[in-house]
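Below is one structure, written out as C-alpha cells; comments come after it.
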Amino acid sequence: MSLLRSSLLFLLIAVAPVQTPALAREYRQVIEDVTLDRTLRLEGPEWNDTLVRRVTLRGIDGDGIFLKNVANVRIEDSIIEDVTVSGIRLSAEGGTTDVHMINNQIARTGRDGIAAAQRQGAGVDHPGLVVEGNSIDSAGLTGNRGLYHGIYVQSTDFVITHNRVTNTVDGNGISVRSSGTVRGNMVKGTGKSGIAYYADHMRGPSNRLVIEGNTVGDVAQGWQRRYAVDLLRIPDDANVVGEFIIRGNTIIGQHTPAIRVHSDYGRLGIRPHIAGNQRKNVGDIVGVRQ
Numbered sequence: 088m089s090l091l092r093s094s095l096l097f098l099l100i101a102v103a104p105v106q107t108p109a110l111a112r113e114y115r116q117v118i119e120d121v122t123l124d125r126t127l128r129l130e131g132p133e134w135n136d137t138l139v140r141r142v143t144l145r146g147i148d149g150d151g152i153f154l155k156n157v158a159n160v161r162i163e164d165s166i167i168e169d170v171t172v173s174g175i176r177l178s179a180e181g182g183t184t185d186v187h188m189i190n191n192q193i194a195r196t197g198r199d200g201i202a203a204a205q206r207q208g209a210g211v212d213h214p215g216l217v218v219e220g221n222s223i224d225s226a227g228l229t230g231n232r233g234l235y236h237g238i239y240v241q242s243t244d245f246v247i248t249h250n251r252v253t254n255t256v257d258g259n260g261i262s263v264r265s266s267g268t269v270r271g272n273m274v275k276g277t278g279k280s281g282i283a284y285y286a287d288h289m290r291g292p293s294n295r296l297v298i299e300g301n302t303v304g305d306v307a308q309g310w311q312r313r314y315a316v317d318l319l320r321i322p323d324d325a326n327v328v329g330e331f332i333i334r335g336n337t338i339i340g341q342h343t344p345a346i347r348v349h350s351d352y353g354r355l356g357i358r359p360h361i362a363g364n365q366r367k368n369v370g371d372i373v374g375v376r377q
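With positions in the sequence shown counted from 1, the corresponding number in our numbering is that position plus 87.
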C-alpha cells in the first residue's frame, strides 16, 4: 500500500452512498475538508464513485489532483494553488469516465490549470468529462513555448461551461482538440488564443464543436497572429470535427480579427456556422487565413 494511499484512508467516509442533488449521482466514498501538501492520486477502480469536496492542496511539487483508470468521480469546491505541474490532470496512460470538476479554485500552476489527455492508439479517453464553474488563474507559469493552457482538453465530447480563466501566461485560455461544448466561459488575458481548436486528436461521436456564449478579451499577449476564437490549421484531416457552431460570443479588446477560421476548413468543405457574436473595440468579426 502506498504511503499516500495509507495516509488517505482516514479521510475516506465509507457510509451509505452520498447523493449529489444536482446530478443525482451516488458516491461510495468521500474525501472532504482536509488540507494536503502532496498530490492526491485517484488511480484504479478502487477509487470509482468518489466525491472530493472542500479539499485544499497547496505548495505541491507535481500535480494537485491526478486521475487514472477511474469512473464517476466528482471534484467540487476545492482549492488548488502553487503546484509545479497541473492543477487537475487526467492521465494520458489510463482513461476515466464521468469525471466532473465543479466550482474549484485553481491558481498558479506550472503547467495547465486543468488537463485531460487522449491517446487513441492506446485506447485512452475521458468521456463524460464536465468542467463547470471553476476559477483558473495564472496557469503555465513555467512555460515559454505556448504549450501550457488554462484548460487543456484532448478528450472527446467534453462539456466546458461557466468557468473563469484569467492570466494564462503561456498558451491558450481554453485549448480543445476534439468535439464537445465550450459555453458561457469568461477568458481574459492569454499568451496565445482565447479559445482554440486544433485537430490533432480524434473527434468524438457527436462530431460537433460548439463555442457559444463566451466572453473573451486581452488575448495573444505573448504571440502574434492569435485570436479570441481560433480554429487553427488542420494537421490531420482524419481527426477534424465535421461541424462547428460559433455563436453568441462577446469579444473584448483590440485584437483583429476576433474570430479566425483557417483556410484548411474550406479546403475540406467545412463551413462553420458563425452567428450572433458581439464585438467591442475590435476589428473584423471573422477572418480567414489564406
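Built from N, CA and C at the ideal position, the CB exists for glycine as well.
Taking the continuous beta strand (DSSP E) assigned at residue i, which residues delimit it?
{"i": "D317", "result": "316-318"}
{"i": "G304", "result": "302-304"}
{"i": "K155", "result": "152-155"}
{"i": "H187", "result": "183-189"}
{"i": "D169", "result": "166-170"}
{"i": "H360", "result": "360-362"}
{"i": "K367", "result": "365-367"}
{"i": "Y114", "result": "112-114"}
{"i": "R295", "result": "295-299"}
{"i": "A202", "result": "201-203"}
{"i": "I338", "result": "337-339"}
{"i": "L234", "result": "It is not in any beta strand (DSSP E) - L234 carries neither H nor E in the DSSP assignment."}
{"i": "R176", "result": "175-177"}
{"i": "I261", "result": "261-263"}
{"i": "E133", "result": "Taken as a continuous stretch (DSSP letters only), E133 belongs to no beta strand (DSSP E), as it is neither H nor E."}
{"i": "I333", "result": "330-334"}
For residue i, which beta-bridge partners are listed by DSSP?
{"i": "E119", "result": "R140"}
{"i": "Y285", "result": "Paired residue(s): none; Y285 is not in a bridge."}
{"i": "L216", "result": "DSSP lists no partner for L216."}
{"i": "D224", "result": "A194, T253"}
{"i": "L127", "result": "I152"}
{"i": "K275", "result": "T253, G304"}
{"i": "G267", "result": "F245, L296"}
{"i": "E163", "result": "R140, I189"}
{"i": "V211", "result": "R206"}
Please classify residue i as buried or exposed, where buried requires at least 16 neighbouring CB atoms within 10 angstroms.
{"i": "E133", "result": "exposed"}
{"i": "S262", "result": "buried"}
{"i": "L355", "result": "exposed"}
{"i": "L90", "result": "Bear in mind that a pLDDT of 40 at L90, under 50, signals an unreliable position, so the number given afterwards is only what the model happens to contain. Answer is exposed; the Cβ neighbour count stays below 16."}
{"i": "A194", "result": "buried"}
{"i": "A203", "result": "buried"}
{"i": "P292", "result": "exposed"}
{"i": "N254", "result": "buried"}
{"i": "A103", "result": "The pLDDT assigned to A103 is 41, lower than 50, so where the model puts this residue is not dependable; a value taken from the coordinates is nonetheless given after this. Flag for A103 reads exposed."}
{"i": "P359", "result": "buried"}
{"i": "N368", "result": "exposed"}
{"i": "D150", "result": "buried"}
{"i": "D257", "result": "buried"}
{"i": "P322", "result": "exposed"}
{"i": "G283", "result": "In the sequence under discussion, the amino acid at residue 283 is Ala, which differs from the Gly named in the question. Buried, by the Cβ-count rule."}
{"i": "S178", "result": "buried"}
{"i": "E180", "result": "exposed"}
{"i": "N221", "result": "buried"}
{"i": "Q116", "result": "buried"}
{"i": "P108", "result": "The predicted position of P108 is uncertain, since its pLDDT is 47 and thus under 50; no value can be drawn from it."}
{"i": "N159", "result": "buried"}
Do you know whose CA, among the options, lies nearest residue i's CA?
{"i": "Y352", "options": "G363, T302, Y285, G309", "result": "Y285"}
{"i": "K155", "options": "L127, D169, V142", "result": "L127"}
{"i": "A345", "options": "V274, R334, D317, R140", "result": "D317"}
{"i": "R249", "options": "G300, I333, H349, L144", "result": "Residue identity check: residue 249 is His in the sequence provided, not Arg. Nearest C-alpha to H249: G300."}
{"i": "V218", "options": "L234, R206, S242", "result": "S242"}
{"i": "G182", "options": "G200, D199, R125, F153", "result": "F153"}
{"i": "I175", "options": "D169, G200, D185, T184", "result": "G200"}
{"i": "R112", "options": "R161, I167, L144", "result": "R161"}
{"i": "R270", "options": "D150, P292, F245", "result": "F245"}
{"i": "G233", "options": "A362, E130, V306", "result": "V306"}
{"i": "M273", "options": "N231, E119, N259", "result": "N259"}
{"i": "V121", "options": "E130, I298, D136, L144", "result": "L144"}
{"i": "N135", "options": "T184, H349, D169, E119", "result": "T184"}
{"i": "R206", "options": "V303, I167, D287", "result": "D287"}
{"i": "R198", "options": "V170, L216, E180", "result": "V170"}
{"i": "V157", "options": "E163, G215, D164", "result": "G215"}
{"i": "G329", "options": "Q308, I338, I357", "result": "I357"}
{"i": "Y239", "options": "S165, A362, S173", "result": "S173"}
{"i": "G267", "options": "Q308, V327, V303, T337", "result": "V327"}
{"i": "F331", "options": "D324, I339, T337, V348", "result": "V348"}
List the endpoints of the continuous alpha helix (DSSP H) containing residue i.
{"i": "D351", "result": "350-354"}
Using a Cβ-Cβ distance cut-off of 8 Å, determine whether residue i contacts chain B.
{"i": "R251", "result": "In the displayed structure, chain B is absent; only one protein chain is listed."}
(message) Across the stretch 226-233 and the stretch 210-218, are there enough close Cβ pairs to call them in contact, namely three or more that are closer than 8 Å?
(response) no
Sufficient close CB pairs (3 or more, under 8 Å) joining the stretch 300-315 to the stretch 274-281: Under the Cβ criterion (8 Å, minimum of three pairs), the stretch 300-315 counts as touching the stretch 274-281.
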